[in-house]
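These notes are about the structure you will find just below.
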Amino acid sequence: MTTRRVVGQALRGLNRNRLRTFFMMAGIAVGITVLTVVLSAGMGARERIMERVRVFGLENMMVWAGGPTDQTRMGGGGGEGSAVTATMKLEDAEAIRHEVRGVREVAPFSRAGSSEVRWRDRTFTAPVFGVTPEWADVWDWYVDRGSFITHEDNELMARSAAIGPTVVRELFGDEDPMGEVIQVGGVPFEVTGIMVEKGMSAGGGDMDNRVFVPLATYMRRVANVDYLSGIRVQVQAIRDMDPVATDIAALLRERHNLAPGVPDDFRINTPTEVTAMVEEMQGTFNLFLILVAGIALVVGGVVVANIMLLSVSERRGEIGLRKAVGGKARHIQGQFLAESVAVTFLGGVAGILLGLLGNLVMERFTGTPALLTWHILAAGILFSSVVGLLAGLHPARKAAAMAPVDALRS
Amino acid sequence: MKVVRGLRISARQLGAHRTRTALSLLGIVIGVSSVIAMVAVGHGARQEVVGRIEAMGTDLIMVTPAQLRASVGRMQARGTFTTLTPQDAEAILEEVPQVMAAAPWASRRIPVTFEGRTSTTSVMGITPEVLEVLNVGTATGSFYTDRDEITGGRSAVLGPTVARALFGDEPAVGRRVLIGQIPFEVVGVLRPRGADLSGADQDDVVMIPLRTALRRVFNQEWLGGIYLRARSLDEMDTAAEQVRWLLRDRHRLDRTNADDDFEIQTQVEIMAAHREIGDTFTTLVGGIAAVSLLVGGVGILAVMLMSVRERTREIGLRLAVGAKRRDVRTQFLTEAVMLGTGGGLAGIALGFAGIAVLALTTDWAVQVEPFSVALSFGFALLVGVFFGVYPAHRASLLDPVEALRSE
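Protein chains in written order, with numbering that gives the first Met the number 0: chain A, 0 to 409; chain B, 0 to 406.
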């Protein structure tokens, strides 16, 4: 039998029983669709959740000036004072940015406890930070209105300030602070931005009680220092947190000429608790995806196999007839193989289209963008095809092995 | 009689075509059990993930004294109000039902010394209720007790940063440290927590009983703040409002119509993340359940349609030997209901088995959602019965000769 004849026969066989063919295709398509939609929705949701937990600061570490044993500090209550250790310089921040692998962003800052902030006849005490524009990115902490400190502000030593909602409330009440001039430690600054509300930190500090001014202006005009209080460092990947911290420590020891045995003149804090939480969350989510994909596979597989088995068992009589008029087992297997391949191919195409459509519907429905990778599609197509072929061929082979009389009688 | 006979015919038919019956049943079983299992897996994962965020303190409310204000020109009064007291904390716990636990505290940065080594750290006087309010615990030793709190005991729990600065790798528990010249015994070391949301080192702390701190170390009567834990996230706003009225009343602010001499804050950002992640999960689980319901439905539909269509000839035969259309319909309805019910029940059993396996192999708090059981069972039965009966009904309308001739 030539290939052309096999294909022709298969297509005729499929065409003769359109409804059956349709259901076989639907089985394959549904198998692919369920896997595609479930997995891409799940992965999209994981991406979204991981993006959301970034606000916990899990990609960031704090490098504070001042070693663990010399912590004579000025001002401020709470957990964060500023060290008077004068060894941490702006150049250190640049060195970390350029020389340590795995660092994404570096935000140097300077602060000296809390300062008095004044507007007209009202005063309020708030932590004042001298920062660069990178500060907003590493904290994921942006302005609600106006603009944050810019590069230009730092170059020109501008007297612009971005203030937190608590400061707005306490100093301005209901009045609009934008463009007003406030005194920070006796130096006038113009309010150019208002930060979004962040609430309190786990340690109980009010994160909204903040005044941000350009780092250069702060160091020269307000604090009159040439050193930093610390550097916030954002890493590229969470798992690199510890190696990057080690590299930064080594670099700083070298730059600060610390001989072996001399204690560090800096401290590095990594968000241990948050990282552990997020890692556990990620583990949970991965397990969830595996389980859901597993269920989807079983469902898809059973539906495909079910329909294939049913449609082939229906055709025993036909197989018997072919054998009775001289068809060999080989021929019959060839015919069913060709049919299965055709059905699987068409069903696969339909499955991909349905999967894409399903993703669109899910996006609309859940508001979460689906994340479809070619792996998911490939897995769906491969799996459904294999199940479809096996479930289609096995009963045909069994029927072909029967005596024609028995097959005809069934 | 007739009913019994109908049932018997249906049962015999189902038994005669074992493969077909088995495949139909399998379709329904899978359709039902997959939805139940998907929903249970989704809810288990959701609780697990949301629980982790909750441990970060989403239900935390923080009361702190407000800053003192002074006008320019007059003498500068710096600092905060000194009106918040331990009695306020007790009153809140007693009178605001939405508050589950309260941990009043006061803290200062003062030197802590051990044999000539000094670390200036945040010394925090706080009641042992901190264990119920914040996500803290000891890595070695134990936390000081209520007894220490009541008697003003001199027990201290060190944060890991302080322990390292003072003791290096030596064990700290059992040693004596000086906190502002007063000797304390180290009873425990906290487990590391790392930097908090503001980047501050949460491990750079020494915790001592509040009473001891106020009387002996700080010599003050007012608090630095009160950590409160709400009973549930939904009650956060009510709790905060109740606390505000209670404190205004206790501080007699209403008589003079004065501003609050305290502030109440929550972890706005963490709460927002919490809510959004919870919502994302809920819709995801809903969507996945809908997809598997749909797929299961298509599977059932296909199997039923195909197996009934195969039997057009049987229907013709029945009609030819005198059966009424109604009899044919009843027979197929009975068969479909039997298949649907049997398959549905088996599916529920399989779904439960899957959930049991999940509960055994993971530490998730999985639970069966009655809604998903009812929905999947009902849907499977509906699809199965409709697509089992409708084609049979169509076939019964045919001329018996036509039906018999069909292949």
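The beta carbon of each residue, even a glycine, is placed where N, CA and C say it ideally should be.
Between the segment 124-134 of chain A and the segment 143-155 of chain A, do three or more beta carbon pairs fall short of 8 Å? yes
Secondary structure at aspartate 263/A, three-state DSSP: helix, strand or coil? Within the first sequence, the letter at position 264 stands for residue 263/A. In this structure, aspartate 263/A counts as coil in the three-state DSSP scheme.
Going by DSSP in three states, leucine 414/A sits in which element: helix, strand or coil? The shown model of chain A, from 0 to 409, leaves out residue 414/A, and the question about it has no answer.
Taking C-alpha atoms, which residue in Leu22/B, Val28/B, Val2/B, Gly50/B lies nearest to glycine 277/B? Taking the first residue of the second sequence as 1, we reach residue 277/B at position 278. Measuring from the Cα of glycine 277/B, the nearest candidate turns out to be Gly50/B.
Taking 8 Å as the limit between beta carbons, can you name the residues of its chain near threonine 57/B, skipping five residues before and five after? For the purposes of this step, residue 57/B is taken as residue 58 along the second sequence, with counting starting at 1. So the list reads Leu232, Gln266, Ile269, Met270, His273, once near-sequence residues are dropped.
Give me whichever residues DSSP pairs with glycine 129/A in a beta bridge. Walking along the first sequence from the start, residue 129/A turns up at place 130. Paired residue(s): Ser109/A, Val212/A.
Let me know if lysine 323/B comes out buried or exposed under the rule of 16 or more other beta-carbons within 10 Å of its beta-carbon. Within the second sequence, residue 323/B is the residue found at index 324, counting from 1. Exposed is the call here.
Take aspartate 259/B and list the residues in its own chain whose beta-carbon comes closer than 8 Å to its own, dropping the five residues that flank it on each side. The residue you call residue 259/B lines up with position 260 of the second sequence. Around aspartate 259/B: Ala65, Arg243, Leu246, Arg247, Leu252.
Do isoleucine 148/A and valine 212/A have their C-beta atoms closer together than 8 Å? Stepping through the first sequence from its first residue, residue 148/A is reached at position 149. Stepping through the first sequence from its first residue, residue 212/A is reached at position 213. Their beta carbons are under 8 Å apart, which means isoleucine 148/A touches valine 212/A by this criterion.
Using a Cβ cut-off of 8 Å (strictly closer), state whether methionine 380/B contacts chain A. Along the second sequence, one-based indexing puts residue 380/B at 381. According to the sequence displayed, residue 380/B carries leucine and not methionine. Cβ-Cβ to chain A under 8 Å: no for leucine 380/B.
Please classify tyrosine 226/B as buried or exposed, where buried requires at least 16 neighbouring CB atoms within 10 angstroms. If you number the second sequence from 1, residue 226/B lands on position 227. It is buried - the Cβ of tyrosine 226/B has at least 16 other Cβ atoms within 10 Å.
Which one or two residues does DSSP pair with serine 114/A in a beta bridge? Numbered from 1 along the first sequence, position 115 holds the residue referred to as residue 114/A. Ala125/A, per the DSSP bridge assignment.
If you measure from the beta carbon of proline 270/A to each beta carbon in chain B, is any gap under 8 Å? If you number the first sequence from 1, residue 270/A lands on position 271. Answer yes: the Cβ-Cβ gap between proline 270/A and chain B drops below 8 Å somewhere.
Selection from Val180/A, Val342/A, Val195/A, Met206/A that minimises the alpha carbon distance to glycine 198/B: Within the second sequence, residue 198/B is the residue found at index 199, counting from 1. Here the closest residue by C-alpha is Met206/A.
Tell me which residues share the same chain as methionine 52/A and place their Cβ nearer than 6 Å to its Cβ, disregarding the 5 neighbours each side in the sequence. Locating residue 52/A in the first sequence gives position 53, where the first residue counts as 1. Looking at the sequence itself, residue 52/A is valine, so the reference to methionine does not match. Here the set comprises Val277.
What's the C-alpha gap between glycine 56/A and alanine 25/A? Here residue 56/A refers to the residue found at position 57 when the first sequence is read from its first residue. Here residue 25/A refers to the residue found at position 26 when the first sequence is read from its first residue. Going from the Cα of glycine 56/A to the Cα of alanine 25/A covers about 47 Å.
I want to verify the contact list: residues of chain B whose CB lies under 7 Å from the CB of asparagine 305/A, in sequence order. Along the first sequence, read from residue 1 onward, the residue named residue 305/A stands at position 306. Around asparagine 305/A, the beta-carbon contacts reaching into chain B at under 7 Å are Leu22, Leu25, Gly26, Gly298, Val302.
Taking the alpha-carbon positions, what's the leucine 336/A to glutamate 362/A distance? By 1-based counting over the first sequence, the position of residue 336/A is 337. By 1-based counting over the first sequence, the position of residue 362/A is 363. For leucine 336/A and glutamate 362/A, the distance between alpha carbons rounds to 38 Å.
If you reduce the DSSP assignment to three classes, tell me which class valine 6/A lands in. For the purposes of this step, residue 6/A is identified with residue 7 of the first sequence, where counting begins at 1. In this structure, valine 6/A counts as helix in the three-state DSSP scheme.
Which of helix, strand or coil DSSP assigns to alanine 155/B: As a first step, residue 155/B must be located in the second sequence, where it is residue number 156. Alanine 155/B falls in the strand class under three-state DSSP.
Return the CA-CA distance between threonine 137/B and alanine 373/B, expressed in angstroms with no decimal places. As a working mapping, residue 137/B is identified with position 138 in the second sequence. As a working mapping, residue 373/B is identified with position 374 in the second sequence. C-alpha separation (whole angstroms): 46 Å.
beta-carbon leucine 177/B near the ligand NAD non-hydrogen atom, thresh 7 Å: The model on display carries no ligand, and the ligand NAD is accordingly not part of it.
Ignoring anything shorter than 4 residues, give me the alpha helix (DSSP H) runs that lie fully in the segment 155-190 of chain B, in order along the chain. 159-166
Taking only beta-carbon positions, decide if aspartate 205/A is within less than 8 Å of chain B. In the first sequence, residue 205/A corresponds to position 206, counting from 1. With 8 Å as the cut-off, aspartate 205/A counts as an interface residue toward chain B.
Please classify proline 259/A as buried or exposed, where buried requires at least 16 neighbouring CB atoms within 10 angstroms. Residue numbering aside, residue 259/A sits at position 260 when the first sequence is read from its first letter. When all chains shown are included, proline 259/A counts as exposed.
Using only CA atoms, which one of Ile29/B, Phe80/B, Thr311/B lies nearest to aspartate 402/B? Here residue 402/B refers to the residue found at position 403 when the second sequence is read from its first residue. A small correction: the amino acid at residue 402/B is alanine; aspartate does not occupy that position in the sequence shown. Of Ile29/B, Phe80/B, Thr311/B, the residue nearest in Cα terms is Thr311/B.
For leucine 373/A, count neighbouring C-beta atoms within 10 Å of its own C-beta (all shown protein chains included) and say buried if the count is 16 or more, exposed if not. What you label residue 373/A is simply residue 374 of the first sequence in a count that begins at 1. Reading off the sequence shown, one finds tryptophan at residue 373/A, where the question assumed leucine. It is exposed - the Cβ of tryptophan 373/A has fewer than 16 other Cβ atoms within 10 Å.
Which whole runs of the alpha helix (DSSP H) in the segment 243-330 of chain A are 4 residues long or more, in chain order? 271-312, 315-323
Check whether chain A comes within 8 Å of glycine 136/B, counting only Cβ atoms and requiring the distance to be less than that. Along the second sequence, one-based indexing puts residue 136/B at 137. It does not: the Cβ of glycine 136/B has no partner Cβ on chain A nearer than 8 Å.
Indicate whether at least one CB of chain A lies closer than 8 Å to the CB of threonine 282/B. Position 283 of the second sequence, counted from the first residue, corresponds to residue 282/B. Closer than 8 Å to some Cβ of chain A, the Cβ of threonine 282/B qualifies, so yes.
Quick check on arginine 19/B - is its C-beta less than 8 Å from some C-beta in chain A? For the purposes of this step, residue 19/B is taken as the residue at position 20 of the second sequence. Closer than 8 Å to some Cβ of chain A, the Cβ of arginine 19/B qualifies, so yes.
Listed from N- to C-terminal order along the chain, which residues in the segment 289-321 of chain A have their beta-carbon within a distance smaller than 8 Å of any beta-carbon of chain B? Leu290, Val291, Ile294, Ala295, Val297, Val298, Gly299, Val301, Val302, Asn305, Ile306, Leu308, Leu309, Ser310, Ser312, Glu313
Please state if the CB of valine 28/B and the CB of alanine 288/B are separated by a distance shorter than 8 Å. As a first step, residue 288/B must be located in the second sequence, where it is residue number 289. As a first step, residue 28/B must be located in the second sequence, where it is residue number 29. No, the pair does not count as a contact, with Cβ atoms beyond the cut-off.
Name the chain A residues that come within less than 9 Å of methionine 55/B, Cβ to Cβ? Within the second sequence, numbered from 1, the residue matching residue 55/B stands at position 56. Simply Phe55, Ala201, Glu272, Val273, Met276.
Tell me which residue opens and which closes the alpha helix (DSSP H) that leucine 38/A is part of. If you number the first sequence from 1, residue 38/A lands on position 39. Counting along the chain, the alpha helix (DSSP H) containing leucine 38/A begins and ends at 17-51.
In the structure shown, what three-state DSSP assignment does leucine 332/B receive? Here the question's residue 332/B lines up with position 333 in the second sequence. Three-state result, leucine 332/B: helix.
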